[in-house]
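Working notes, beginning with the structure itself.
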Amino acid sequence: MTDDFEKSAIFIIVVFGALTIGGLMAANLVYGQRTGVLFALGSSTCAWVAGYAMIYNKPSAFRWLLAGACLFGVASVLYLIR
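Count along the sequence shown starting at 1, add 34, and that's the number in the working numbering.
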């Protein structure tokens, strides 16, 4: 395993997970959208696990987890603006 993959995976785990939890969940909490908070939590969980899929060199799992994180994030934003 190369050091570049580990750095990229840690970047994905920390940045995407923290941004989703910090920003999207907080915005949904302020506006009282419980469903949006749960979708944001699902998005951050998928992004967090995707980092580990990258560390363990599982491209198929990484692809599906990243797609899941994007879908959960879009669903959370839609509940936020609704």
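Just so you know, even glycine gets a beta-carbon here, dropped at the ideal spot from N, CA and C. Keep in mind that this is a model prediction, so the values were computed, not measured.
Asked	Found
Secondary structure of Arg68, DSSP reduced to three states	helix
Pairwise C-alpha distance: Val49 and Leu105	18 Å
Local Cβ density within 10 Å of Ser94, reported as buried at 16 or more and exposed below that	exposed
The stretch 87-103 in contact with the stretch 66-73 per 3-pair CB rule at 8 Å	no
Status (buried if at least 16 other CB within 10 Å, exposed otherwise) for Val47	Here residue 47 is Ile; the residue named in the question, Val, does not match the sequence. By the neighbour-count rule (16 or more Cβ atoms within 10 Å), Ile47 is buried.
Cα-Cα separation between Ile44 and Ala84, rounded to whole angstroms	10 Å
Cα-Cα separation, Tyr90 to Ala74	25 Å
Own chain partners of Ala103 with C-beta closer than 6 Å, once the 5 adjacent residues on each side are dropped	Ser77, Cys80 and Ala81
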